[in-house]
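Visitor: First, the structure itself, so that you have it in front of you.
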Ligand SMILES: *Cc1c(COP(=O)(O)O)cnc(C)c1O
């Protein structure tokens with residue numbers, strides 16, 4: 001694929017009528033090396049954040065060997081893309097068929113669960129033809145933890161309550177070669193304290209159940225940088241997780257895992273959209289709620305933007321966006337700060353769309369096509385270049401949204 005310098009060069013070269021995804025493999029590789037080298041344990045990439053095969057290969061080449069997959073389609077995709085990768089099926093609700101195929105056809109040994117029913121299902125689906133249970137299962141019990149420090153909650157759907165965890169941990173210990181405890185503090189966790197609090201709960205669960213634990217998996221939730229959301233440095237997260245995990249009553253040979261999705265993929269993509277029409281401070285653009293800007297529409301996420309037209313005013317104003325479909329819900333409130341004189345025909349680059357952005361495109365209403373090209377410039381924001389001002393200086397560590 002031909003490499004381009006940046007979004008402006010792509011807009012000039014193609015004058016694209018469809019939205020164009022920009023890939024920054026160097027930024028994803030840098031994030032992967034950071035986790036591989038600095039996280040005090042093993043880092044699994046959570047594939048759902050962005051399942052692009054090109055990205056999967058970039059992460060693998062940069063040292064990520066384990067992948068958190070949540071559906072049988074993700075299992076097949078990662079296995080086809082990376083035959084050597086270790087896959088961990090971390091969705092607590094799976095079909096028996098998916099478990100069987102993952103175990104027997106794709107070599108998956110690690111599964112998560114949060115009920116006795118799911119444990120039973122896993123044991124039955126992985127037994128051999130004579131009914132002999134598998135002896136090599138690595139089973140992670142998902143604990144419910146608070147999402148109060150995160151921008152997107154994952155607290156209500158999955159995870160067993162601490163009060164009910166002991167019998168499930170004990171039953172799982174009986175059939176597992178390795179027993180793990182996992183949780184998810186919610187996506188875009190704005191303070192490392194979220195993990196400390198969750199690990200306090202993990203400690204209580206282990207003590208209650210008196211079981212030997214081989215894996216502690218702190219899940220995803222590691223933040224990226226967006227307008228109004230400046231998290232503390234990731235090293236702070238790693239430090240407190242390391243300290244809290246060191247003091248857990250787990251086996252000497254136990255492993256510490258994490259499952260970053262957003263933090264490994266956010267910087268990988270940005271998007272070029274075209275302004276089709278301006279109405280006051282509303283811009284009608286050619287991507288939206290059913291495309292890569294799903295989170296901008298549905299949870300009001302403010303992605304950074306940049307006008308790619310030359311000779312526009314230095315004065316900026318806040319704009320809202322309408323997407324291309326005929327649906328009123330295809331609306332992104334913003335405000336997105338852009339030149340006051342931006343107009344139809346101009347191109348805009350929307351940054352930090354590698355996580356839950358590029359992956360969200362649908363074909364609803366005939367939109368959602370558009371290509372992808374590689375660019376070599378830096379993402380609009382980065383956690384990994386060492387250039388970010390340390391937000392601790394201003395104590396500005398929580399969301400301003
Ligand atoms: C979504 C998800 C992740 C990734 O979360 P991020 O907030 O993107 O880091 C990790 N683990 C599980 C089980 C998930 O569902």
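In the UniProt record's numbering, the protein residues as written are 1 to 401. Using N, Cα and C, we set each Cβ at its ideal position, and we do this for glycine too.
1. Strictly by DSSP, which residues pair up with residue 339?
2. Distance check for residue 375 and residue 305, CA to CA, integer angstroms please.
3. For a test of the three-state rule: what should DSSP assign to residue 76, helix, strand or coil?
4. If you draw a straight line from the C-alpha of residue 85 to the C-alpha of residue 117, how long is it?
5. Of the residues 106, 250 and 73, which one's Cα is nearest the Cα of residue 210?
6. Thinking just about the alpha-carbon of each residue, which of 113, 295, 83 and 203 is nearest to the one in residue 91?
7. Do residue 216 and residue 189 have their C-beta atoms within less than 8 Å of each other?
8. Would you mind sorting residue 252 into buried or exposed? The rule is 16 or more other CB atoms within 10 Å of its CB.
9. With DSSP collapsed to three states, give me the class of residue 325.
10. Tell me the rounded alpha-carbon separation between residue 66 and residue 78.
11. Could you tell me which uninterrupted alpha helix (DSSP H) segments, each at least 4 residues in length, are contained entirely in the stretch 25-60, listed from first to last along the chain?
12. Whose C-beta lies closer than 7 Å to the C-beta of residue 276 among residues of the same chain, with five residues either side of it excluded?
13. Just to check, is the beta-carbon of residue 118 closer than 7 Å to a non-hydrogen atom of ligand 1?
14. Let me check you understand the geometry: is the CB of residue 39 closer than 7 Å to at least one non-hydrogen atom of ligand 1?
15. Taking the C-alpha atoms as reference points, what is the distance between residue 385 and residue 175?
16. Cutting at 8 Å between CB atoms, please list the residues of its own chain near residue 199, excluding the five before and the five after it.
17. Rounded to whole angstroms, how far is the Cβ of residue 297 from the Cβ of residue 332, which I believe are closer than 8 Å?
18. Please report how far the alpha carbon of residue 126 lies from the alpha carbon of residue 361, in whole angstroms.
19. Please determine, among 224, 62 and 349, the residue with the shortest C-alpha to C-alpha distance to residue 266.
20. Between 58, 63, 62 and 94, which has its C-alpha nearest residue 74's C-alpha?
21. With a cut-off of 8 Å on the beta carbons, I'd call residue 263 and residue 31 a contact; round off their distance for me.
22. Under three-state DSSP, which class holds residue 398?
23. According to DSSP, simplified to helix, strand and coil, what is residue 158?
24. Got a sec, what are the start and stop residues for the beta strand (DSSP E) residue 138 sits in?
25. Leaving out the 5 sequence neighbours to the left and right, which residues in its chain are closer than 6 Å to residue 382 when beta-carbon positions are compared?
26. With H, G and I counted as helix, E and B as strand and the rest as coil, what does DSSP make of residue 116?
27. Grouping DSSP H, G and I as helix and E and B as strand, with all else coil, what is residue 181?
28. Near residue 336, which residues of its chain fall below 6 Å by C-beta distance, leaving aside the five closest residues on each side in sequence?
29. I believe residue 257 touches residue 87 by the beta-carbon criterion, under 8 Å. Please report the beta-carbon distance rounded to the nearest angstrom.
30. Using a Cβ-Cβ cut-off of 8 Å (strictly less than) and excluding sequence neighbours within five positions of residue 64, which residues of its own chain qualify?
31. Pop quiz: residue 19 and residue 357 are said to be a contact at Cβ under 8 Å. What is the actual Cβ separation, rounded to whole angstroms?
32. Helix, strand or coil: which one does DSSP assign to residue 378?
33. Please determine whether the Cβ atom of residue 49 lies at a distance below 7 Å from any heavy atom of ligand 1.
34. Closer than 7 Å to a non-hydrogen atom of ligand 1 - does that hold for the CB of residue 68?
35. Which of the three DSSP states is assigned to residue 285 in this structure?
36. Note the first and the last residue of the continuous beta strand (DSSP E) segment covering residue 68.
Guide: Reading it off the structure:
1. Answer is 316, bridged to residue 339.
2. Those two C-alpha atoms are separated by around 17 Å.
3. Looking at residue 76 - three-state DSSP - the assignment turns out to be helix.
4. One C-alpha to the other measures close to 28 Å.
5. Minimum Cα distance to residue 210 is reached at 250.
6. When each option's Cα is compared against that of residue 91, the closest is 113.
7. The answer is no: Cβ separation not under 8 Å.
8. By the neighbour-count rule (16 or more Cβ atoms within 10 Å), residue 252 is not buried but exposed.
9. In this structure, residue 325 counts as coil in the three-state DSSP scheme.
10. The straight-line gap separating the alpha-carbon atoms of residue 66 and residue 78 is approximately 10 Å.
11. Secondary structure within the stretch 25-60: the alpha helix (DSSP H) runs of 4 or more consecutive residues, fully enclosed, are 25-38 (chain order).
12. Within the same chain, residue 276 has close Cβ partners 284, 285, 286 and 344.
13. Relative to the non-hydrogen atoms of ligand 1, the Cβ of residue 118 never comes closer than 7 Å to any of them.
14. Residue 39: no, Cβ never under 7 Å from ligand 1.
15. Cα-Cα distance, rounded: 45 Å.
16. 216, 218, 241, 244, 245 and 248.
17. Indeed they touch by this definition, with Cβ atoms about 5 Å apart.
18. Approximately 34 Å, taken between the alpha carbons.
19. The option with the nearest alpha carbon to residue 266 is 224.
20. If we check each option's Cα against that of residue 74, 94 comes out closest.
21. That pair is a contact at about 6 Å.
22. Model confidence at residue 398 stands at a pLDDT of 45, short of 50, so the residue's coordinates are unreliable; what they give is reported in the following sentence. If DSSP states are grouped into helix, strand and coil, residue 398 belongs with coil.
23. Looking at residue 158 - three-state DSSP - the assignment turns out to be coil, as it is neither helix nor strand.
24. Annotation for residue 138: the continuous beta strand (DSSP E) segment containing it runs 138-142.
25. Same-chain partners within the cutoff: 267.
26. Here residue 116 sits in helix by DSSP.
27. Three-state result, residue 181: strand.
28. Cβ within range, chain order: 305 and 319.
29. Their Cβ separation, rounded to whole angstroms, is 13 Å, which puts residue 257 and residue 87 out of contact at 8 Å.
30. Excluding residues up to 5 positions away in sequence, 32, 35, 36, 43, 44, 45 and 264 lie with their Cβ nearer than 8 Å to the Cβ of residue 64 in the same chain.
31. Contact doesn't hold; Cβ gap of about 11 Å is too wide.
32. In the structure shown, residue 378 sits in coil (DSSP, three-state: anything other than H, G, I, E or B).
33. The answer is yes for residue 49.
34. Checking every heavy atom of ligand 1 against the Cβ of residue 68, one is found closer than 7 Å.
35. Residue state, collapsed to three classes: strand.
36. If you look at residue 68, you'll find it in the beta strand (DSSP E) that goes 66-69.
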